[in-house]
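Protein chains: 2
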Amino acid sequence: MEKAKVIFQPSGRRGEVERGLTVIEASRELGADIEALCGEKKVCGKCKVRIEKGFFEKYGIESDPSHVSPWQEEEEKFVTDEEREAGFRLGCCAKLEGDALIFVPEESRAGKQVVSKAARDIHIDHNPAVKRYTVEVTAPTFEDPTADFERICDALYREHGLQDLNIDFFTLRELPNALRDGKWKITVSVWMDREVIRVLPGEVEDCYGIAIDIGTTTVAGYFCNLNTMEVLGTESMMNPQCKYGEDVMSRITYHMMNPGGLEKMSRDIIEGLNTIIRQAVESTHPPKKKVKKKDGDEKTEEWVETPEEGKEYVRLTLDDVEDITLVCNTAMHHILLQLDPEHVGLAPFPPVNHRGLDIKTRDLGIAINKGAYAHVLPNEAGFVGADNVGVLIAEEPYKSDEIQLIIDIGTNGELVLGNKEKLISSSCATGPAMEGAQLTFGMRAAPGAIERIKIDPETHEVDYKVIGRDAWRSFSKPEEMKTKGICGSGILDVLAELYSSGVVLKSGRFNTEQKSERFRKNPNNKQPEFVIAWKDETSIGKDVVIAQKDIRQIQLAKGALYCGCKLMMRRMGIEKVDTVKIAGAFGTHVDREKALTMGLFPDCEIEKIQSVGNAAGDGARAALLNREKREEANWVSRNVEYIELTVEEDFQQQFMEAMQIPHMKDTFPHLEGIVPEEVLNQK
Amino acid sequence: MEKAKVIFQPSGRRGEVERGLTVIEASRELGADIEALCGEKKVCGKCKVRIEKGFFEKYGIESDPSHVSPWQEEEEKFVTDEEREAGFRLGCCAKLEGDALIFVPEESRAGKQVVSKAARDIHIDHNPAVKRYTVEVTAPTFEDPTADFERICDALYREHGLQDLNIDFFTLRELPNALRDGKWKITVSVWMDREVIRVLPGEVEDCYGIAIDIGTTTVAGYFCNLNTMEVLGTESMMNPQCKYGEDVMSRITYHMMNPGGLEKMSRDIIEGLNTIIRQAVESTHPPKKKVKKKDGDEKTEEWVETPEEGKEYVRLTLDDVEDITLVCNTAMHHILLQLDPEHVGLAPFPPVNHRGLDIKTRDLGIAINKGAYAHVLPNEAGFVGADNVGVLIAEEPYKSDEIQLIIDIGTNGELVLGNKEKLISSSCATGPAMEGAQLTFGMRAAPGAIERIKIDPETHEVDYKVIGRDAWRSFSKPEEMKTKGICGSGILDVLAELYSSGVVLKSGRFNTEQKSERFRKNPNNKQPEFVIAWKDETSIGKDVVIAQKDIRQIQLAKGALYCGCKLMMRRMGIEKVDTVKIAGAFGTHVDREKALTMGLFPDCEIEKIQSVGNAAGDGARAALLNREKREEANWVSRNVEYIELTVEEDFQQQFMEAMQIPHMKDTFPHLEGIVPEEVLNQK
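Next up, the structure:
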């Protein structure tokens, strides 16, 4: 049977499938999420995907819309002519006839609501960088022919104390007619009390901004009313740069190997930011529905706004977005701004700049108001970027007496340790394993993902729970589970259970002595693996397993993190921290007790372990709503001492030790008599 | 005989000629200047012109390169394929076969060297807005992994006391590699002590800027070394906007009548600025000559640099131009910046802004260094713009005890009166007559232009002198004169002589009593006119005359000026001024005595009348080389009181009176007994 190479973006799920499968069937086989409400009856239109056109060097495939089966009548109802032109198809209709790179848009992804990037309720003082003022002036006369701009400046000084104002060049062009259209009453948006960036006729109250956290894997935007500080919406998407490499180093390498690669990656993330901003703005409009019309003999269809009853819509435009703050790690920062990231990837990893930057959005290509600035938060060091600064200004450890250990686990691990006396930071290469990525059956926290697990130490039988279903496996029929994979929050559970049940040894290797039929060698690659869910419990038609290399990935991540914390504490000369704060989606889901006992980070009272959610995004939002936070960010970025851990003499040894699972007798005393003595005691 | 409508740009000379004439022949007939060194032998290639393509609404003609005779072999030597594509032809080869708008590039214009826009030697303190600093830093280490930008900032603070520096976003992109290419030695250009706008590896000393004066008719640029203050070169050209209208009001009208007209006029002047800048930069390269080569069987030609022996060339690029200052009247200012000029054209003429603007050149489309700013000087009022501010900061009347009257005569007349106690300004609609434009035979100060004249009071015989020939008419054979027209500096002479010889009366009307054969009615329009040069003395094949409407134009200009000065003095409560300064090309050529006696401006001791040349351009240059002049300009623009003269109750009467030629008996006592008593005494 002929095969087709298929890659789903932005999830990155890839593999070979039999030709003739529909895109939905292939996505199921490869573990990509596509929404299919109607069960592939071609009536819901939810499974819209785009077949990309082009040669994708990284994957060695040529993709083209013509590599799937011809257009079907049923698709016309859901795919507009414009979309069809762009390569859009319904996943239930298009059959794979050749290699294809398939983009699954946010709205077609199953379980998208589970992405935990919601804004937390943190305290922020209200002092946005962009503020609105309305003034009324007299019309010019021969006695007072003062120019338009100086006329409103005089009023802004008299009524609001604003002095020495400049005006953006493009905004100045709007001024004369805005002033006359408003009959000499005008509303101006002023940036940092020094530059008029927008003028509107008459009085207009609310203004808007967006704070965006650009993660290596995920991009999340918080759309805010700058007057009321209300978060109007949270939008998120996969970082479109994932196609150039899943981690920071591979994107830096992509730049070094491909002339024009930096510009390409920069353009892609800018386009991503523009998508998020557009979605945020459109969320203030009534939703559109397709309505059939009869115009004489012609039957046509058009999109008509259908407001929900009783709901009011603000109806914003892109021009109404007047400020944007951005946080990201240093490599993403450099790629976004097209600053050569080569040096930040080479020891001693110096970034191009530290301090926060104010860049006209038009110079960056961000499609908000033309006069607006983007504020990019400062970088601490090569591997501790503006996103960590975001975490710091959200958590403010520099105002605390207690010694805090702040861990931000994304694709890289970033660590900060200290209190108001001293702060040090470092980074560790955790890799994406903690987020469930790069594991054989790793997946996002979406329906069908295993999030809790128990393994019987004697029989090695497995019980588990998936997202989207309350009943555990042992209380369900196999076909009810519809298991797809293991998500980040389930990973630690899996490792802890594999170990405590004796399936895996302290070193992380499988215990070859075990008799369970779940333990086996993979028929293809001959590597040992352990079956978590049998084929008949899954919706992907194959066993969900944990392979030896998966366990290694988790161990590497855990080891890097633990070793990093330990070395930083040694530097600070402390034995114990007062508080551990875990940022990122991982923190939200992790079982604190399991994390402690598995040795993810050093000892701490369990009630002093806090999840602080997407603190980097919170920091971006704080800088959006309170300009003093930008100053604070610049200060802290230069007052956190960055420690390069890999240059410590005993780093390698510390890291190796940290990869081990802690001594079982200490951490799992209840297992005595259950697992064999030699497993329990092995070092 | 069939005719062709022809317009020459940028001179604006237009008319109908017989079809079949060459472009050169037509230019001679219509008084446009085209260089033709070889006498139309098709061997010098100097008469290169461009036949424009398009419908020119303003003139109601359709122009196309196909409206001239087919391409000739001789042209290939001088017109490149690229130029040919763009519509370039040799004026001696192309014959007119239909209507055409013909652009004569600067280098093809005859007598271009006479345009008097050279930089004056005025005192300027050295303190440019853009300064260069070289620093050397240590390479980053694990102990000091400070970012590139902060690394050089620390050195710039330590060695030069520069604090709180920002860096242009695009310049930041150049930083990491410039630093490494220079082996950690780097030269930075810093704007206003606060923003790094350029980085260069190693040590680079000199940096450059250009000051440009955008007149309604002429654009002049002064290319300067910002370190040594040396003027490297002066470049000038006609304002390319002339095709939309010759004066300010007609361009404002063009904007109001044509959607997109503002953008079009703005693009044209920006393109003009870029041409001037490119010429300035190329003047630092060796000249190129065409050299024939033999490559195997193929004979080719190519342009080869041929440096003059012993001469050193700086070889600058556009990137080496790091600062630009711009002065222009308020309407030109608004059109340049695409600020709606409609309101500045309507009473009470409020401009969009006063203060000086710093605009990134990339936002304006000016093709100098990408990080550079353009500084546009402030406007005083609707009709007294940044060019007048330029005059003020060059002449500094606000530092003087003496009461100065400063007159800037371009297409508009701008007046400033006062001293360090008080300054008032105003404008008067002189029209372009004083520059020789819009008169039947008015022309630029180029060879063949009448610049001095004498008329015998008894015989009304005329003697005159032309630019480019020392001998007067009376000492020459007719065919030696090659007269073409009358230039601005000759105009006042003509009027004074016409009047003092009795040809023209005090009211400006021709004395119909005179018997001279030079006085006649024009055979076509039946209007009275006076022949200055007979056909056989000219190179244009027709009589050069002064028509009644020409005298009216001069009278209107003179009247506006005199009336403006008088009313301002009344406002100030003074009878007499201490000094009169005349700016602009007109000032350079005017006969001070004639100007006084003809009543161009109020009485003043003749030795206190000074010509100050292109003072507006000098002011732009002062602001380029001394940033404090920009502050001074902002201050003065708001501290000169603008007086709208037209609202004075007796304005109309004053203006009418001022149009009259002063009482003859007072001003020309020597004429008693020569001209008839009734002429001498008429009011």
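So the sequence lines, in the order shown, correspond to chains U and D.
Residue numbering for the first sequence follows my numbering, starting at 1 and increasing by one per position.
Residue numbering for the second sequence follows my numbering, starting at 684 and increasing by one per position.
Each residue gets a CB set at the ideal place from its N, CA and C atoms; glycine is no exception.
The beta strand (DSSP E) spanning residue 234/U covers which residue range?
Within the first sequence, numbered from 1, the residue matching residue 234/U stands at position 234. 231-238 is the extent of the beta strand (DSSP E) around residue 234/U.
Chain-ordered residues of the stretch 353-382 of chain U with a beta carbon less than 9 angstroms from chain D
Taking 9 angstroms as the Cβ-Cβ cut-off against chain D, the residues of the stretch 353-382 of chain U that qualify are 353, 354, 355, 357, 358, 359, 360, 362, 363, 364, 379, 381, 382.
DSSP state of residue 1058/D mapped onto helix, strand, coil:
The residue labelled residue 1058/D in the question sits at position 375 within the second sequence. The answer is strand: DSSP assigns residue 1058/D an E or B state.
Check the Cβ of residue 343/U against every Cβ in chain D and list those closer than 7 angstroms, keeping chain order.
Looking up residue 343/U in the first sequence gives position 343. Going along chain D in sequence order, the residues near residue 343/U (Cβ under 7 angstroms) are 859.
Three or more C-beta pairs under 8 angstroms: does that hold for the stretch 604-619 of chain U against the stretch 577-584 of chain U?
yes
Bridge partners for residue 442/U per DSSP, in chain order?
If you number the first sequence from 1, residue 442/U lands on position 442. Its beta-bridge partners are 486/U.
At 7 angstroms on the CB atoms, spell out the chain U contacts of residue 824/D, in chain order.
Working through the second sequence from its first residue, we reach residue 824/D at position 141. Within chain U, the residues near residue 824/D are 348.
Any contact of the stretch 896-906 of chain D with the stretch 916-927 of chain D, i.e. 3+ C-beta pairs under 8 angstroms?
yes
Which value, in whole angstroms, describes the spacing of the CA atoms of residue 1248/D and residue 155/U?
Start at 1 with the first residue of the second sequence, and residue 1248/D comes out as number 565. Start at 1 with the first residue of the first sequence, and residue 155/U comes out as number 155. Approximately 34 angstroms, taken between the alpha carbons.
Taking the alpha helix (DSSP H) that residue 157/U falls in, what are its first and last residues?
To locate residue 157/U, count along the first sequence from 1; it is residue 157. Where residue 157/U is concerned, the enclosing alpha helix (DSSP H) stretches over 148-160.
Please confirm if residue 115/U has its CB atom under 8 angstroms from at least one CB of chain D.
Translated into the one-based positions of the first sequence, residue 115/U becomes position 115. Here the model assigns residue 115/U a pLDDT of 40, short of 50, so the residue's position is not dependable, and the following value carries that caveat. By this cut-off, residue 115/U is not an interface position.
What's the C-alpha gap between residue 728/D and residue 693/D?
The residue given as residue 728/D occupies position 45 in the second sequence. The residue given as residue 693/D occupies position 10 in the second sequence. Roughly 20 angstroms between the two C-alpha positions.
For residue 1289/D, count neighbouring Cβ atoms within 10 angstroms of its own Cβ and tell me buried if that reaches 16, exposed if not.
Taking the second sequence and counting its residues from 1, the one referred to as residue 1289/D is at position 606. Per the 10 Å Cβ criterion, exposed.
Partners in chain D for residue 149/U, counting only beta-carbon separations shorter than 9 angstroms:
On the first sequence, residue 149/U is found 149 positions in, with the first residue counted as 1. Going along chain D in sequence order, the residues near residue 149/U (Cβ under 9 angstroms) are 1034, 1035, 1036, 1037, 1038.
Just to confirm my understanding: we take residue 668/U, look at its own chain, exclude 5 residues before and 5 after, and list those with CB closer than 7 angstroms. What are they?
The sequence position of residue 668/U within the first sequence is 668, counting from 1. Because residue 668/U carries a pLDDT of 49, less than 50, the predicted location of this residue cannot be relied on, and no value is offered for it.
Below 8 angstroms, can you find three or more Cβ-Cβ pairs linking the stretch 1067-1080 of chain D to the stretch 973-990 of chain D?
no
Quick one: what's got a C-beta closer than 8 angstroms to residue 620/U's C-beta in the same chain, skipping five residues either side?
Working through the first sequence from its first residue, we reach residue 620/U at position 620. Within the same chain, residue 620/U has close Cβ partners 211, 212, 213, 222, 325, 326, 327, 377, 390.
Mind checking the stretch 158-192 of chain U against chain D and listing, in chain order, the residues whose C-beta falls within less than 7 angstroms of any C-beta there?
169, 172, 173, 175, 176, 177
Neighbour flag for residue 1330/D against chain U, beta carbons, 8 angstroms
Numbered from 1 along the second sequence, position 647 holds the residue referred to as residue 1330/D. Judged by the 8 angstroms Cβ criterion, residue 1330/D is in contact with chain U.
For a quick check, are the C-beta atoms of residue 197/U and residue 83/U less than 8 angstroms apart?
Taking the first residue of the first sequence as position 1, residue 197/U is located at position 197. Taking the first residue of the first sequence as position 1, residue 83/U is located at position 83. No, the Cβ-Cβ distance between residue 197/U and residue 83/U is not below 8 angstroms.
Alpha carbon to alpha carbon, how far is residue 76/U from residue 292/U? Give it in angstroms, no decimals.
The residue labelled residue 292/U in the question sits at position 292 within the first sequence. The residue labelled residue 76/U in the question sits at position 76 within the first sequence. C-alpha separation (whole angstroms): 13 angstroms.
Between which residues of its own chain and residue 817/D is the CB-CB distance below 6 angstroms, once the five residues before and five after are set aside?
Locating residue 817/D in the second sequence gives position 134, where the first residue counts as 1. Counting only Cβ-Cβ distances below 6 angstroms, and skipping sequence neighbours, we find 870, 886.
Using only the alpha-carbon positions, how far apart do residue 250/U and residue 338/U sit?
Here residue 250/U refers to the residue found at position 250 when the first sequence is read from its first residue. Here residue 338/U refers to the residue found at position 338 when the first sequence is read from its first residue. Rounded to the nearest angstrom, the two C-alpha atoms are 16 angstroms apart.
How long is the line joining the alpha carbons of residue 21/U and residue 4/U, rounded to whole angstroms?
For the purposes of this step, residue 21/U is identified with residue 21 of the first sequence, where counting begins at 1. For the purposes of this step, residue 4/U is identified with residue 4 of the first sequence, where counting begins at 1. Here the alpha carbons of residue 4/U and residue 21/U stand approximately 9 angstroms from one another.
What do you get for residue 599/U, buried or exposed, if any count of 16 or more other CB atoms within 10 angstroms of its CB means buried?
Taking the first sequence and counting its residues from 1, the one referred to as residue 599/U is at position 599. The residue in question, residue 599/U, is buried, as its Cβ has 16 or more Cβ neighbours within 10 Å.
For residue 1022/D, would you say it is in contact with chain U, using Cβ-to-Cβ distances shorter than 8 angstroms as the test?
Mapped onto the second sequence, residue 1022/D falls at position 339. Taking Cβ atoms only, chain U reaches closer than 8 angstroms to residue 1022/D, which makes this a yes.
Which first and last residues belong to the alpha helix (DSSP H) in which residue 9/U is found?
Mapped onto the first sequence, residue 9/U falls at position 9. No alpha helix (DSSP H) contains residue 9/U, which is instead part of the beta strand (DSSP E) from 3-9.
Sheet register partners of residue 1207/D (DSSP bridge):
To locate residue 1207/D, count along the second sequence from 1; it is residue 524. Bridge partners of residue 1207/D: none, in fact.
Compare the Cα-Cα distances from residue 633/U to each of 649/U, 648/U, 616/U, 427/U and report the closest residue.
If you number the first sequence from 1, residue 633/U lands on position 633. Checking every option, the nearest Cα to that of residue 633/U belongs to 616/U.
Suppose you measure from the CA of residue 1089/D to the CA of residue 872/D; what does that come to, to the nearest Å?
On the second sequence, residue 1089/D is found 406 positions in, with the first residue counted as 1. On the second sequence, residue 872/D is found 189 positions in, with the first residue counted as 1. The straight-line gap separating the alpha-carbon atoms of residue 1089/D and residue 872/D is approximately 37 angstroms.
What is the residue span of the beta strand (DSSP E) that residue 745/D lies within?
Position 62 of the second sequence, counting from 1, holds the residue named residue 745/D. First-last of the beta strand (DSSP E) with residue 745/D: 744-746.
Report, in whole angstroms, the separation of the C-beta atoms of residue 1124/D and residue 1168/D, which I expect to be a contact under 8 angstroms.
Within the second sequence, numbered from 1, the residue matching residue 1124/D stands at position 441. Within the second sequence, numbered from 1, the residue matching residue 1168/D stands at position 485. At roughly 4 angstroms, the Cβ-Cβ gap stays under 8 angstroms, so residue 1124/D and residue 1168/D are in contact.
Residues that residue 982/D bridges to, as DSSP identifies them
Taking the second sequence and counting its residues from 1, the one referred to as residue 982/D is at position 299. Note: residue 982/D sits in a beta bridge opposite 977/D.
Below 8 angstroms, how does it come out for the stretch 626-641 of chain U and the stretch 519-536 of chain U: are there three or more Cβ pairs, yes or no?
No: the two stretches stay apart, fewer than three of their Cβ pairs being nearer than 8 angstroms.
Beta strand (DSSP E) runs contained entirely in the stretch 27-91 of chain U, provided each spans 3 or more residues
Counting whole runs of 3 or more residues, the stretch 27-91 of chain U contains the beta strand (DSSP E) stretches 48-51, 54-56, 61-63, 88-90.
Quick check on the DSSP output: what are the complete beta strand (DSSP E) runs of length 3 or more inside the stretch 1135-1164 of chain D, in order along the chain?
1145-1149
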